[in-house]
Every structure is written in C-alpha cells, then in structure tokens.
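The sequence shown begins at 305 in my numbering and counts up one residue at a time.
For each residue, glycine too, the CB sits at the ideal point set by N, CA and C.
Given the structure is predicted, the values throughout are model-derived calculations rather than measurements.
Before any comments, here is the structure.
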Amino acid sequence: MGIFRWLFGRGIAAQPDRWLDEVIVDGDGSFDFSIVGEANYQNQLDSLCGGRTKTGHEMECMAILVEEPTNPFDPNAVTVTIDDLTVGNLARRDAVAFKRALAKAGFTAMPVSVEAFIVGGWDRGFSDRGHYGVKLDMCEPYRFRR
C-alpha cells in the first residue's frame, strides 16, 4: 500500500473487514525465514519492486500468510502474498509447523501479517541478473498477536 493511499484514507480504513481480525506473527528482527517458489513469481516481485536495478533491492514490506486447504497439491499449503500478489509459499515442513502453532494460538484459518524483505533483482548486464527472493521476520516458536 502506498503512503499516499494510507494517508488519504484508501488504506486500512477503506478495508475494515479485511483488517478487523488481523493477526500478526512477530519475529526476532533477523529476517532469516526463507520461503519457496519465488522463481514462479519473478514478474510479481519485479512489479512490487518497480523493476530491476544495477544494485538490486532490499525492500521492506508486509506479507500476508494465508492457509490454502483446498490446494490440490498440498492441503497444508500456506501462501505468501504481498500487496495481493502471490510471491511464494511456506515450505511444506514449515507450513505444517506454522499451521499447528496458529491453531494452538486459536487463530485457525485467519490471514497472518508478517514483516518481509524482498531481496535481489539486480541487472548488471552480461547475463548478471539476480533472482528476487523473499525473507520473512518470523521464527519458531511462533509468537502471534492481534
């Protein structure tokens, strides 16, 4: 969400149902939690970062983790989105542990916000192009809050 949309009332206030029950997972500030599947979402990540640069990106943002029980490949899937764009998933093992902790905390089937960094995305020419990746600020044991 852009700062101007937030400042002028098109952000959270315009979407009260979406944010009313927001759950947040807190990390330790290390942004060491990797996700999988970003290779399938390079165009979305490029769009979020505003294109490739010579030095690449380290863009801080908020990601939303959404359980996906109807996923035909993995009913334990947890999708990672940023600004409503899918950018990857939690690894299968991480998704199972995350969902177990979420249920234990009483937040089953609720979207969870987490701080994130989009990294990479450099283009120095001569076939020197870096893929984008996403790092989340969360760690076990998971700490949830409203």
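Query, Result
"Are at least three pairs of beta-carbons, each pair with one atom in the segment 331 to 344 and one in the segment 403 to 410, less than 8 angstroms apart?", "no"
"Tell me Ser338's beta-bridge partners as DSSP assigns them.", "Lys439"
"Give the range of the beta strand (DSSP E) segment to which Leu369 is assigned.", "361 to 371"
"What are the boundary residues of the beta strand (DSSP E) that Arg449 is part of?", "447 to 449"
"I'd like the span of the beta strand (DSSP E) that includes Phe421, first residue to last.", "416 to 424"
"Could you give the DSSP three-state label for Asp398: helix, strand or coil?", "helix"
"Would you check if the distance between the CB atom of Glu364 and the CB atom of Phe448 is smaller than 8 angstroms?", "no"
"Quick check on Asp398: buried or exposed, where buried means 16 or more other Cβ atoms within 10 Å of its Cβ?", "buried"
"In this structure, does DSSP put Arg404 in helix, strand or coil?", "helix"
"If you run the structure through DSSP and keep just helix, strand and coil, what is Asn393?", "strand"
"Buried or exposed: His361, going by 16 or more other Cβ atoms within 10 Å of its Cβ?", "buried"
"Can you give the Cα-Cα distance for Ala395 and Phe430, rounded to whole angstroms?", "32 angstroms"
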